[in-house]
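Novice:
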Amino acid sequence: MTTQLHSAEQLSATTLLRFATAGSVDDGKSTLVGRLLHDSKSILTDQLEAVEQASLNRGQEAPDLALLTDGLRAEREQGITIDVAYRYFATTRRRFILADTPGHVQYTRNMVTGASTAELAVVLVDARNGVVEQTRRHAAVAALLRVPHVVLAVNKMDLVDYAEPVFAAIAEEFTAYAASLGVPEITAIPISALAGDNVVEPSAHMGWYGGPTVLEHLETVPVSHDLTACHARFPVQYVIRPQSAEHPDYRGYAGQIAAGVFRVGEAVSVLPSGRTTTITGIDALGESVDIAWAPQSVTIRLADDIDISRGDLIAPADDSPAVTQDVEATVCHVADQPLSVGQRVLIKHTTRTVKAIVKDIPSRLTLDDLSQHPAPGQLVANDIGRVVVRTAEPLALDAYADSRRTGSFLLIDPADGTTLSAGMAGASFASVAEAAAPAADDDAEWDF
Numbered sequence: 141m142t143t144q145l146h147s148a149e150q151l152s153a154t155t156l157l158r159f160a161t162a163g164s165v166d167d168g169k170s171t172l173v174g175r176l177l178h179d180s181k182s183i184l185t186d187q188l189e190a191v192e193q194a195s196l197n198r199g200q201e202a203p204d205l206a207l208l209t210d211g212l213r214a215e216r217e218q219g220i221t222i223d224v225a226y227r228y229f230a231t232t233r234r235r236f237i238l239a240d241t242p243g244h245v246q247y248t249r250n251m252v253t254g255a256s257t258a259e260l261a262v263v264l265v266d267a268r269n270g271v272v273e274q275t276r277r278h279a280a281v282a283a284l285l286r287v288p289h290v291v292l293a294v295n296k297m298d299l300v301d302y303a304e305p306v307f308a309a310i311a312e313e314f315t316a317y318a319a320s321l322g323v324p325e326i327t328a329i330p331i332s333a334l335a336g337d338n339v340v341e342p343s344a345h346m347g348w349y350g351g352p353t354v355l356e357h358l359e360t361v362p363v364s365h366d367l368t369a370c371h372a373r374f375p376v377q378y379v380i381r382p383q384s385a386e387h388p389d390y391r392g393y394a395g396q397i398a399a400g401v402f403r404v405g406e407a408v409s410v411l412p413s414g415r416t417t418t419i420t421g422i423d424a425l426g427e428s429v430d431i432a433w434a435p436q437s438v439t440i441r442l443a444d445d446i447d448i449s450r451g452d453l454i455a456p457a458d459d460s461p462a463v464t465q466d467v468e469a470t471v472c473h474v475a476d477q478p479l480s481v482g483q484r485v486l487i488k489h490t491t492r493t494v495k496a497i498v499k500d501i502p503s504r505l506t507l508d509d510l511s512q513h514p515a516p517g518q519l520v521a522n523d524i525g526r527v528v529v530r531t532a533e534p535l536a537l538d539a540y541a542d543s544r545r546t547g548s549f550l551l552i553d554p555a556d557g558t559t560l561s562a563g564m565a566g567a568s569f570a571s572v573a574e575a576a577a578p579a580a581d582d583d584a585e586w587d588f
């Protein structure tokens, strides 16, 4: 039994926010998440009892709320987060999917997984240490992944006597750095996750701070899940050809609409071939419809019998992405084995997987000053760098800035299927001009 219940009607009326936490080792990410769940009454009674008992067994007088998210035995023994822990909770105002990502430098790649679908990132900083290299790394990853909202949570304020100058200096340094990366919105909040200051309830020790608590900001930050305003894209997942007595001539192309809206009668192009045709029918849940939109799973029927297979992309004839065999992108390298110039790889983009070769690695990002280290030759685990990949077959890629769904891809080892790098096509970071755009327009610019 939960300590707080929300009715189905309440939950259905609320919006959903996906967010990720990140920060250096011992900055208190898991404690913050545990405090957030505990103080918002979003944990099960037996879970809390288990944490209390585990804390007592370890000689701790108070419950260690970090144990609510650090579920792996190795995590509990070492006191660090290793894997991405997903938590689902809700208040009366909003539903949340939370990804608690590791802070240790060797697990930076896990943050890429956790933040890849996030609309907001909470970056923690220890008030005693300020902005460190790993803080800059996490800010850079959030910027590369085009996470539209970033919260700087300056934690452990109780250990610096809740001093406003300490908070102000850290907030100023981080904001300047994140803004230079093109992060469009940065909110700084002073907190103590251990004591609960400004996490769910306002702090009695920081009268100088008049902003929202972490939960209040999470509940009110504007987010948009409207994919219908984006460029329409439909990656073909499966060709349906029953050739039965009931449907002797049926030919449909099944998949999930990645973005935008498709209508019966609309002229479309099939990529990479470039052939054009018209939509004659759309089937959804066994019934014919005139219109369908992201993220619905549908079957599209076309006027012409074009050679179409899994991995092809259907897009409006007057709004199709460019087709290319030369992919220029930024990648976060996630594998233990390096990525080298001349290496043969597979590139997986939407439902299409093709052979490719790494033609060049022009630069590796230096996070201290955002400079580019030229011609590194290879990327190792946790490196962020620019790559040029030549594919054996054309790909219909959008720029990642235009679509997080059809502008992203994976580089895969063809020998064993290991994921090597997560890639984002196009420019690395948003420009400062983009970041300074009016807040009212922010939601329309992001594709989830």
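Position in the sequence shown (from 1) plus 140 gives the number in the working numbering. Ideal Cβ positions, reconstructed from N, Cα and C, are used throughout, including at glycine.
1. Indicate whether the contact test is met: 3 or more Cβ pairs, each with one atom in the segment 563-572 and one in the segment 417-428, closer than 8 angstroms.
2. Kindly indicate the opening and closing residues of the alpha helix (DSSP H) around residue 284.
3. On a Cα-Cα basis, can you pick out the residue from 434, 467, 448, 523 that is closest to residue 534?
4. With 16 other CB atoms within 10 Å as the buried threshold, where does residue 250 fall?
5. How should residue 489 be labelled, buried or exposed, when 16 other C-beta atoms within 10 angstroms of its C-beta is the threshold for buried?
6. Applying the 10 Å Cβ sphere with the 16-neighbour rule, what's the burial state of residue 431?
7. Just the Cα atoms here: how many angstroms apart are residue 263 and residue 225?
8. Grouping DSSP H, G and I as helix and E and B as strand, with all else coil, what is residue 211?
9. Would you call residue 259 buried or exposed, if buried means 16 or more other Cβ atoms sit within 10 Å of its Cβ?
10. Smallest Cα separation from residue 514: which of 504, 382, 418?
11. Which word fits residue 383, buried or exposed, when buried means at least 16 other C-beta atoms lie within 10 angstroms of its C-beta?
12. Residue 387: buried (16+ other C-beta within 10 angstroms of its C-beta) or exposed?
13. With a threshold of 6 angstroms on Cβ separation, who are the neighbours of residue 293 within its own chain once the five nearest residues in sequence on each side are excluded?
14. What do you reckon, are the CB atoms on residue 438 and residue 397 nearer than 8 angstroms?
15. Hey, would you say residue 310 sits closer than 8 angstroms to residue 319, going by beta carbons?
16. What residue range does the beta strand (DSSP E) around residue 305 cover?
17. Report all residues from its chain with a CB closer than 7 angstroms to the CB of residue 336; omit the five preceding and five following residues, and keep chain order.
18. Hey, does residue 286 have any beta-carbon neighbour from chain D nearer than 8 angstroms?
19. Which same chain residues end up closer than 8 angstroms to residue 412 when comparing Cβ atoms and leaving out the 5 residues on each side of it in sequence?
20. In chain order, what residues of the same chain lie with their CB nearer than 7 angstroms to the CB of residue 444, ignoring the 5 residues before and after it?
21. Could you compute how far the alpha carbon of residue 379 sits from the alpha carbon of residue 491?
22. In whole angstroms, what separates the C-alpha of residue 369 from that of residue 347?
23. Can you give the Cα-Cα distance for residue 214 and residue 334, rounded to whole angstroms?
24. Taking only the alpha-carbon atoms, compute the straight-line gap between residue 399 and residue 495 and give it to the nearest angstrom.
Specialist: So, to answer that:
1. Result no; under three Cβ-Cβ pairs closer than 8 angstroms.
2. Looking at the DSSP string, the run of the alpha helix (DSSP H) that includes residue 284 is 273-284.
3. Here the closest residue by C-alpha is 467.
4. Under this definition residue 250 is a buried residue.
5. Burial check for residue 489: the Cβ neighbour count within 10 Å reaches 16 or more, so the residue is buried.
6. Classification of residue 431: exposed, given that the 10 Å Cβ count is below 16.
7. When rounded, the distance between both Cα atoms is 16 angstroms.
8. Low local confidence applies: a pLDDT of 49 at residue 211 is under 50, so the model's placement there is unreliable, and no value is given.
9. Residue burial is scored here from C-beta neighbours: residue 259 has at least 16 other C-beta atoms within 10 angstroms and is therefore classed as buried.
10. For residue 514, the nearest C-alpha among the options comes from 504.
11. By the neighbour-count rule (16 or more Cβ atoms within 10 Å), residue 383 is not buried but exposed.
12. In summary, residue 387 is exposed, with fewer than 16 beta-carbon neighbours lying within 10 Å of its beta-carbon over all protein chains present.
13. Excluding residues within five positions, the ones whose Cβ falls inside 6 angstroms are 262, 264, 329, 331.
14. In this structure, residue 438 places its C-beta atom within 8 angstroms of the C-beta atom of residue 397.
15. Inclusion of residue 310 and residue 319 in the CB contact set at 8 angstroms is not warranted, their separation being larger than that value.
16. For residue 305, there is no enclosing beta strand (DSSP E); the residue is part of the alpha helix (DSSP H) that begins and ends at 304-320.
17. Contacts found: 175, 179.
18. Here there is only one protein chain, and chain D is not present.
19. So the qualifying residues of the chain are 452, 453, 463, 533, 534, 535, 536.
20. Excluding sequence neighbours, residue 444 sits near 417.
21. Cα-Cα distance, rounded: 12 angstroms.
22. Each residue's alpha carbon lies about 43 angstroms from the other.
23. Reliability of the predicted coordinates at residue 214 is poor, the pLDDT of 44 falling under 50, and the value obtained from them is presented with this limitation in mind. Here the alpha carbon of residue 214 sits roughly 22 angstroms from the alpha carbon of residue 334.
24. Approximately 26 angstroms, taken between the alpha carbons.
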